[in-house]
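J.:
Residue numbers (UniProt numbering): 1 to 297.
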């Protein structure tokens, strides 16, 4: 597994003003100068982006489009077996291209008429309050780079496959997208870093790694599971616990490996009633009370 710092590769501005993405020595693209140059160029697009203007076009290579086509095809097969009906319907509704990487501007143009969401380019890690807060406005921060071609079915960091196949398909659902907005409103409402972290953990165990009973079996709706070729085959064998906001908000997770603890909603309505209501009403005081309810140690 890759070191936690490599979940998002650090991005720096050199003295000459150019952008450099620092890949860890274990990253599949570390020793590939062509890939590294591509990463730098794509990160520079996000660093130079002016909100409210069209998103700069990333000039993807034929090889990068091939990676998207392969992973898109493989994930589509798995989604029909493991994804919730709501997610599958939203995927059909959105209609992402299967043979080429869509531009983020294009993804937003497809999403906005459906649920009002648009994408914002991100070079790498986005501060929690910024990332979650703009969800309230129907905006989603997304990376534009794609994983290294040597490991098309694996990435040590969220790439455009995760951000678009995982999240954009969910954002095409009226019901899931409303949950994203409620999470954003909660992130803006709370004031302390502890409360913000609690809100983000609930998001992690739902919109990123959420599962629910659907069609009489356990299915996934979380983008982290549905964009991972390997994890989607493993989630049913994990420690599946009942949906519980207090426990989710205080459970530690390791971003560098498959999530071994997941929380099951009994239906989409159950998710909306429990998690949606929490995000719609939480504040620092109510979150402090929830934290106090959970046994420590």
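Glycine included, every Cβ here is placed at the ideal spot set by N, Cα and C. Here the structure is a predicted model, which is why all the values come from computation and not from measurement.
Spatial neighbours of residue 146 within its chain, please: C-beta separation below 8 Å, excluding the five flanking residues on both sides.
T.: Counting from one through the chain shown, the residue named residue 146 turns up at place 146. The answer, listed in chain order, is 60, 64, 67, 68, 101, 159, 160 and 161.
J.: Taking Cβ to Cβ, would you say residue 84 is nearer than 9 Å to residue 177?
T.: Here residue 84 refers to the residue found at position 84 when the chain shown is read from its first residue. Here residue 177 refers to the residue found at position 177 when the chain shown is read from its first residue. Cβ atoms of residue 84 and residue 177: not closer than 9 Å.
J.: Since residue 261 sits in a beta bridge, which residues does DSSP pair it with?
T.: What you label residue 261 is simply residue 261 of the chain shown in a count that begins at 1. In DSSP, residue 261 forms a bridge with 239.
J.: In three-state DSSP terms, what is residue 83?
T.: The count along the chain shown starts at 1 and reaches residue 83 at position 83. Strand, per DSSP.
J.: Cutting at 6 Å between CB atoms, please list the residues of its own chain near residue 44, excluding the five before and the five after it.
T.: The residue labelled residue 44 in the question sits at position 44 within the chain shown. So the list reads 19, once near-sequence residues are dropped.
J.: Apply the 10 Å Cβ neighbour rule to residue 242 and answer buried if 16 or more other Cβ atoms are within range, or exposed otherwise.
T.: Within the chain shown, numbered from 1, the residue matching residue 242 stands at position 242. By the 10 Å Cβ count, residue 242 comes out exposed.
J.: Do residue 238 and residue 204 come within 9 Å of each other at the CB atom, strictly closer than that value?
T.: Counted from its first residue, the chain shown places residue 204 at position 204. Counted from its first residue, the chain shown places residue 238 at position 238. Cβ atoms of residue 204 and residue 238: not closer than 9 Å.
J.: Please confirm if the segment 267-283 is in contact with the segment 228-236, defined as three or more CB-CB distances below 8 Å between the two stretches.
T.: No: fewer than three Cβ pairs fall under 8 Å.
J.: With a cut-off of 8 Å on the beta carbons, I'd call residue 49 and residue 42 a contact; round off their distance for me.
T.: Here residue 49 refers to the residue found at position 49 of the chain shown. Here residue 42 refers to the residue found at position 42 of the chain shown. Incorrect: roughly 11 Å between the Cβ atoms, too far for contact.
J.: When the Cα atoms are used, what is the spatial distance from residue 189 to residue 211?
T.: Taking the chain shown and counting its residues from 1, one reaches residue 189 at position 189. Taking the chain shown and counting its residues from 1, one reaches residue 211 at position 211. Using only the alpha carbons, I get a separation of about 26 Å.
J.: Where does residue 141 fall in DSSP's three states?
T.: In the chain shown, counting from the first residue as 1, residue 141 sits at position 141. If DSSP states are grouped into helix, strand and coil, residue 141 belongs with the strands.
J.: Are the beta-carbon atoms of residue 166 and residue 95 separated by less than 9 Å?
T.: Within the chain shown, residue 166 is the residue found at index 166, counting from 1. Within the chain shown, residue 95 is the residue found at index 95, counting from 1. It is not a contact, given that the beta carbons lie outside the stated cut-off.
J.: Secondary structure at residue 190, three-state DSSP: helix, strand or coil?
T.: Here residue 190 refers to the residue found at position 190 when the chain shown is read from its first residue. The answer is coil: DSSP assigns residue 190 none of H, G, I, E or B.
J.: Does the beta-carbon of residue 304 have 16 or more other beta-carbons within 10 angstroms, so that it is buried, or is it exposed?
T.: The first residue shown for the chain is 1 and the last is 297, placing residue 304 beyond what the model contains.
J.: Residue 137 to residue 79, Cα distance in whole Å?
T.: Within the chain shown, the letter at position 137 stands for residue 137. Within the chain shown, the letter at position 79 stands for residue 79. Computed Cα separation, rounded: 28 Å.
J.: Going by C-alpha distance, which of 72, 90 and 121 is nearest residue 98?
T.: Residue 98 sits at position 98 when you count from the first residue of the chain shown. The shortest Cα separation from residue 98 among 72, 90 and 121 belongs to 72.
J.: Buried or exposed for residue 201, going by 16 or more other Cβ atoms inside 10 Å?
T.: Looking up residue 201 in the chain shown gives position 201. With 16 or more other Cβ atoms within 10 Å, it is buried.
J.: Consult DSSP for residue 51 and reduce its assignment to one of helix, strand or coil.
T.: Sequence index remark: in the chain shown, residue 51 carries index 51 (1-based). DSSP places residue 51 in coil when its eight states are reduced to three.
J.: Write down the C-beta distance between residue 171 and residue 117 rounded to the nearest angstrom, noting that I regard them as a contact closer than 8 Å.
T.: Within the chain shown, the letter at position 171 stands for residue 171. Within the chain shown, the letter at position 117 stands for residue 117. Correct: roughly 5 Å between the Cβ atoms.
J.: Grab me the residues of residue 293's own chain with a C-beta within less than 7 Å of its C-beta, minus the 5 sequence neighbours each way, in chain order.
T.: In the chain shown, counting from the first residue as 1, residue 293 sits at position 293. Once the five neighbours on either side are set aside, the close Cβ partners of residue 293 are 246.
J.: What residue range does the beta strand (DSSP E) around residue 206 cover?
T.: In the chain shown, counting from the first residue as 1, residue 206 sits at position 206. Looking at the DSSP string, residue 206 is not in any beta strand (DSSP E), and its letter there is neither H nor E.
J.: Between which two residues does the beta strand (DSSP E) harbouring residue 272 extend?
T.: Residue 272 sits at position 272 when you count from the first residue of the chain shown. First-last for residue 272: undefined, no H or E at that position.
J.: Excluding sequence positions up to five away, which residues of its chain have a Cβ less than 6 Å from the Cβ of residue 186?
T.: Taking the chain shown and counting its residues from 1, one reaches residue 186 at position 186. So the list reads 199, 279 and 282, once near-sequence residues are dropped.
J.: Given a threshold of 16 other Cβ atoms within 10 Å of its Cβ, counted over all protein chains shown, does residue 39 qualify as buried or as exposed?
T.: On the chain shown, residue 39 is found 39 positions in, with the first residue counted as 1. Classification of residue 39: buried, given that the 10 Å Cβ count is 16 or more.
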